[in-house]
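What follows is a short report on a single structure.
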Amino acid sequence: MSGDAEVLLEASNVSKSFPGVRALDKVSLTLRRGRLTALLGENGAGKSTLMNIISGVFKQDEGEIKLAGETVSFNNTREAQAAGIAMIYQELNLVSNLSVAENIFLGREPLNPLGFIDRKKMHCETEKLLQILDLDVSPATPLNHLRVGQQQVVEIAKALSCDARVLIMDEPTSAITEHEIDVLFGIIDKLKAQGVAIAYITHKLEELTRIGDDAVVMRDGKLIGAAPLKDLSRDEIITMMVGREMAITRKRSDKVFQRSILSVANLALRHHQRNEEFVLKDIDMNVQQGEVLGIFGLMGAGRTELLECLFGLHPKLCSAQYKIDGKLVAIRSPAKAIENGLALAPEDRKKEGLVLGMSVSDNTSLACLSKYQRFGFIDRPAEAKLVNETIARFKVKTPSPRQQIRNLSGGNQQKVILGKWLATKPRVLLLDEPTRGIDINAKAEIYALIQELGEAGLSVILVSSELPEILAMSDRIMVMCEGRKTAEIARADANEENIMKAALPQGVTH
712 MSGDAEVLLE
722 ASNVSKSFPG
732 VRALDKVSLT
742 LRRGRLTALL
752 GENGAGKSTL
762 MNIISGVFKQ
772 DEGEIKLAGE
782 TVSFNNTREA
792 QAAGIAMIYQ
802 ELNLVSNLSV
812 AENIFLGREP
822 LNPLGFIDRK
832 KMHCETEKLL
842 QILDLDVSPA
852 TPLNHLRVGQ
862 QQVVEIAKAL
872 SCDARVLIMD
882 EPTSAITEHE
892 IDVLFGIIDK
902 LKAQGVAIAY
912 ITHKLEELTR
922 IGDDAVVMRD
932 GKLIGAAPLK
942 DLSRDEIITM
952 MVGREMAITR
962 KRSDKVFQRS
972 ILSVANLALR
982 HHQRNEEFVL
992 KDIDMNVQQG
1002 EVLGIFGLMG
1012 AGRTELLECL
1022 FGLHPKLCSA
1032 QYKIDGKLVA
1042 IRSPAKAIEN
1052 GLALAPEDRK
1062 KEGLVLGMSV
1072 SDNTSLACLS
1082 KYQRFGFIDR
1092 PAEAKLVNET
1102 IARFKVKTPS
1112 PRQQIRNLSG
1122 GNQQKVILGK
1132 WLATKPRVLL
1142 LDEPTRGIDI
1152 NAKAEIYALI
1162 QELGEAGLSV
1172 ILVSSELPEI
1182 LAMSDRIMVM
1192 CEGRKTAEIA
1202 RADANEENIM
1212 KAALPQGVTH
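Heads up: the sequence shown begins at 712 in this note's numbering, then just goes up one per residue.
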């Protein structure tokens, strides 16, 4: 690591255990002024746990943390913020119905001499922060009027309002557009120039060539290595992360598909507020037995909405003609979709794919409980058999089936979601960003599973923002832009250039 920059934060031999899990085992970390340190490792490696300790969410069991040379111990995040440490979570910690200014100063509102909130001062301070960060919105704008990328900038403004010297960012680019990523990276450059020390958790190694300075690699709660990024190759980092070399294996291209399982004609989806506008329009598509149909598009293309329509989630706004095995069917609810052999693993696994307060076992059996009911009671031995088989098949890392699902890593949560839906014996599996925010090893396991399912005759519709993933996993690729289907490309003809050309707005023909 660079010895030239001043050390702002130093964690030494930090350990932390949870019931049944040793999350951190004598991990050390150094953050330096004006440098971005990338925290790398699979989900479950301990990165977020370490950051949560530094930011005051948890207390370490062992070890020491020093800030500017002084030993510190925080009882909560407010104490950490007061000391100049702020964390921006992957799932933004903002209140949607409050204004930008109210979110930035929530709990720290400036008061006038009479003890009332000084809104003029609060708005003035907010304007200064937004100007520094080049965000052109009014302090009075309700947060829910902003795009996700803009909301993220509000989180950064909130951190700066606390005079943050150490800024922790957890997967900050996982849900924002390419333009918003460029804006974010520009802000990071500014913060580094101002001397802020940044800890940056990411799975996107390609980002680090632009913004990264140092790397810390963790695996299974242990520190594997730390070095300047310029001294590490991508392959070296991956090998350190997973303990072996990894790659996306491109599927065979010699398959012949002859049986249509699902076909869709004239699909349209009206906007939920502006009824004269369409979110999706004039979409025809089909998927063959055993085929992986990849769907690619930029943010706002309508990919998620398309899968939601196929799963019966917008019955009042969506119109389409559906055929299963050539027979017309009506899909007006998720129950009807499941009845017709469809299953959806949603993009937002925590909000839509799981019940976080329930166990691994309960989440696994949730979609097919009716199969295990006998005279109004659940057949617990049969349910336990399903759960144990799912845990074994998908290599779910959990100390027990009774463990709350919220305590599992993202990759293991995703495996439970896939296991839950495969237990319904679907014919068409709809996957919306199945590898977003999960580690490289879990990605490889999911890629292998998708190929295995296709070989077994299951049809898969795969939505992904990762072009290499779409190219490697798909038998055929459908491209969308602004709610329209703009191209359908055979596997043999597909490349990054022709896919991106069809995904960009100028590629749309009306």
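We put the CB at the ideal spot given by N, CA and C, even for glycine.
Is it buried or exposed, residue i, if we count other Cβ atoms within 10 angstroms and call 16 or more buried?
{"i": "His-914", "result": "buried"}
{"i": "His-1221", "result": "With a pLDDT of 35 at His-1221, under the threshold of 50, the modelled position of that residue is not reliable, and no figure is offered here."}
{"i": "Cys-1192", "result": "buried"}
{"i": "Gln-1032", "result": "exposed"}
{"i": "Val-967", "result": "exposed"}
{"i": "Cys-873", "result": "buried"}
{"i": "Asp-845", "result": "exposed"}
{"i": "Leu-1099", "result": "According to the sequence displayed, residue 1099 carries Asn and not Leu. So Asn-1099 ends up on the exposed side."}
{"i": "Leu-720", "result": "buried"}
{"i": "Thr-884", "result": "buried"}
{"i": "Gln-1029", "result": "Per the sequence presented here, residue 1029 reads as Cys, with Gln not at that position. Buried, because 16 or more other Cβ atoms sit within 10 Å of the Cβ of Cys-1029."}
{"i": "Lys-737", "result": "exposed"}
Can you grab the Cα-Cα spacing for the pair residue i / residue j, in whole Å?
{"i": "Gly-1218", "j": "Lys-1212", "result": "Per-residue confidence for Gly-1218 stands at a pLDDT of 32, beneath the threshold of 50, marking its modelled position as unreliable; the derived number appears in the next sentence. For Gly-1218 and Lys-1212, the distance between alpha carbons rounds to 6 Å."}
{"i": "Leu-978", "j": "Gln-1084", "result": "36 Å"}
{"i": "Lys-1096", "j": "Glu-1144", "result": "29 Å"}
{"i": "Ile-892", "j": "Leu-902", "result": "15 Å"}
{"i": "Asn-763", "j": "Glu-1019", "result": "34 Å"}
{"i": "Ala-797", "j": "Ala-1159", "result": "38 Å"}
{"i": "Asn-855", "j": "Asn-808", "result": "6 Å"}
{"i": "Phe-785", "j": "Ser-723", "result": "16 Å"}
{"i": "Lys-1131", "j": "Gly-1011", "result": "28 Å"}
{"i": "Pro-1137", "j": "Leu-1053", "result": "5 Å"}
{"i": "Ile-949", "j": "Val-928", "result": "9 Å"}
{"i": "Asp-1073", "j": "Thr-1109", "result": "14 Å"}
{"i": "Arg-1104", "j": "Glu-866", "result": "40 Å"}
{"i": "Gly-1001", "j": "Glu-838", "result": "55 Å"}
{"i": "Ala-938", "j": "Pro-1216", "result": "41 Å"}
{"i": "Lys-941", "j": "Asp-925", "result": "8 Å"}
{"i": "Thr-888", "j": "Ile-1089", "result": "45 Å"}
{"i": "Thr-748", "j": "Leu-742", "result": "7 Å"}
{"i": "Leu-1080", "j": "Gly-1068", "result": "18 Å"}
{"i": "Glu-1050", "j": "Asp-900", "result": "52 Å"}
{"i": "Val-998", "j": "Ile-1151", "result": "28 Å"}
{"i": "Gly-954", "j": "Arg-1060", "result": "27 Å"}
{"i": "Ser-1120", "j": "Tyr-800", "result": "15 Å"}
Can you check which of these residues, the options, is closest to residue i by C-alpha distance?
{"i": "Ser-1070", "options": "Val-1127, Ile-948 and Pro-1045", "result": "Val-1127"}
{"i": "Glu-1058", "options": "Val-975, Ile-1149, Pro-1137 and Asp-995", "result": "Ile-1149"}
{"i": "Ile-1181", "options": "Gly-1168, Asn-1206 and Cys-1192", "result": "Asn-1206"}
{"i": "Arg-1147", "options": "Ala-1056, Arg-1091, Ala-870 and Ala-1201", "result": "Ala-1056"}
{"i": "Arg-945", "options": "Leu-919, Lys-933, Asp-931 and Val-967", "result": "Leu-919"}
{"i": "Asp-1186", "options": "Gly-1130, Ile-1006, Val-877 and Gly-767", "result": "Ile-1006"}
{"i": "Leu-1141", "options": "Ser-1072, Lys-1061 and Leu-973", "result": "Leu-973"}
{"i": "Asn-804", "options": "Ala-793, Asn-787 and Lys-869", "result": "Lys-869"}
{"i": "Ala-910", "options": "His-890, Arg-930, Ala-875 and Glu-889", "result": "Ala-875"}
{"i": "Val-678", "options": "Pro-824, Ser-810, Arg-830 and Lys-832", "result": "As displayed, the chain neither begins before 712 nor continues past 1221, which places residue 678 out of reach and without an answer."}
{"i": "Leu-1241", "options": "Leu-1173, His-1025, Val-1003 and Ala-851", "result": "Because the chain in this structure spans residues 712 to 1221, residue 1241 falls outside the shown range and cannot be described."}
{"i": "Gly-1008", "options": "Ser-1175, Asp-931, Ile-843 and Gln-1114", "result": "Ser-1175"}
So the beta strand (DSSP E) residue i belongs to, where does it begin and stop?
{"i": "Pro-1026", "result": "Segment: none, Pro-1026 is in no beta strand (DSSP E) and carries neither H nor E."}
{"i": "Asp-995", "result": "989–999"}
{"i": "Ser-1170", "result": "1170–1174"}
{"i": "Ser-971", "result": "971–981"}
{"i": "Ser-739", "result": "732–743"}
{"i": "Cys-1020", "result": "Counting along the chain, Cys-1020 falls outside any beta strand (DSSP E), though it belongs to the alpha helix (DSSP H) covering 1014–1021."}
{"i": "Arg-1249", "result": "Absent from the model: residue 1249. The displayed extent of the chain is 712 to 1221, so no value can be given."}
{"i": "Ile-922", "result": "Where Ile-922 is concerned, there is no enclosing beta strand (DSSP E), although the alpha helix (DSSP H) it sits in stretches over 919–922."}
{"i": "Ala-1056", "result": "1053–1056"}
{"i": "Gly-818", "result": "First-last for Gly-818: undefined, no H or E at that position."}
{"i": "Gly-670", "result": "Past the boundaries of the shown model lies residue 670; the chain is included only from 712 to 1221, so the question cannot be answered."}
{"i": "Glu-1050", "result": "Not the beta strand (DSSP E): Glu-1050 falls in the alpha helix (DSSP H), residues 1045–1050."}
{"i": "Ser-788", "result": "A small correction: the amino acid at residue 788 is Thr; Ser does not occupy that position in the sequence shown. It is not in any beta strand (DSSP E) - Thr-788 instead sits in the alpha helix (DSSP H) that spans 788–793."}
{"i": "Leu-1141", "result": "1139–1143"}
Any heavy atom of the ligand ZN closer than 8 Å to the Cβ of residue i?
{"i": "Ala-1048", "result": "Absence of the ligand ZN is noted for the structure shown, with no ligands found whatsoever."}
Taking only beta-carbon positions, decide if residue i is within less than 9 Å of chain C.
{"i": "Glu-836", "result": "This model lacks chain C altogether; it includes just one protein chain."}
Would you kindly report the start and end of the unbroken alpha helix (DSSP H) that includes residue i?
{"i": "Ala-1155", "result": "1151–1166"}
{"i": "Cys-835", "result": "830–843"}
{"i": "Ile-815", "result": "811–815"}
{"i": "Ser-726", "result": "Taken as a continuous stretch (DSSP letters only), Ser-726 belongs to no alpha helix (DSSP H), being part of the beta strand (DSSP E) at 718–729."}
{"i": "Ala-1198", "result": "No alpha helix (DSSP H) contains Ala-1198, which is instead part of the beta strand (DSSP E) from 1195–1201."}
{"i": "Val-859", "result": "859–872"}
{"i": "Thr-1075", "result": "1071–1076"}
{"i": "Gly-897", "result": "889–904"}
{"i": "Thr-760", "result": "758–765"}
Item to check | Entirely enclosed alpha helix (DSSP H) segments - the segment 1098–1136, minimum 4 residues | outcome: You should have 1121–1133.
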